[in-house]
Amino acid sequence: MPSTVGEGEKRKSRITPLLAEGTVVTVPRTISDYVITEYGIAHVKGMTQRQRALALIGIAHPDFRAGLKKEAEKLYWP
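Quick note: to get the working numbering, add 217 to the position in the sequence shown (first position is 1).
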């Protein structure tokens, strides 16, 4: 999947720290083995939420990695 959506100032990361309230989840995390973007492949099967967050940040667009890391630290490293 492309790591971002939109262009220019409207570009956003498809990899996000949280889903919006009310978002319908059709594929639970226990079913996903791999997540692939143009920045790499994250083999996420069997990972903890912390490990999974770091793996997904690693394949996010470089412009969004610092912000995603900061949000992950708030969520998983209190």
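Using N, Cα and C, we set each Cβ at its ideal position, and we do this for glycine too.
What you are looking at is a predicted structure, and each value in this text was computed from that prediction instead of being measured.
Inter-residue Cα distance where the pair is residue i and residue j
| i | j | result |
| --- | --- | --- |
| Val222 | Ile232 | 10 Å |
| Ile274 | Leu236 | 15 Å |
| Met218 | Tyr251 | 11 Å |
| Ala270 | Ala289 | 7 Å |
| Thr240 | Gly284 | 21 Å |
| Pro295 | Pro234 | 15 Å |
| Glu220 | Thr254 | Sequence inspection shows Ser at residue 220; the Glu mentioned does not correspond to that position. Their backbone Cα atoms lie some 6 Å apart in a straight line. |
For residue i, three-class secondary structure by DSSP
| i | result |
| --- | --- |
| Ala237 | coil |
| Ala277 | coil |
| Lys229 | strand |
| Tyr251 | strand |
| Gly223 | coil |
| Gly263 | coil |
Assigned exposure category for residue i - 16 Cβ within 10 Å defines buried
| i | result |
| --- | --- |
| Thr243 | exposed |
| Arg228 | exposed |
For residue i, the nearest candidate out of the options (CA to CA)
| i | options | result |
| --- | --- | --- |
| Pro245 | Leu285, Pro279, Lys262 | Lys262 |
| Tyr256 | Glu238, Thr265, Val241, Ile276 | Ile276 |
| Gly225 | Glu290, Ala259, Asp280, Lys287 | Asp280 |
| Leu292 | Gln266, Glu238, Arg282 | Gln266 |
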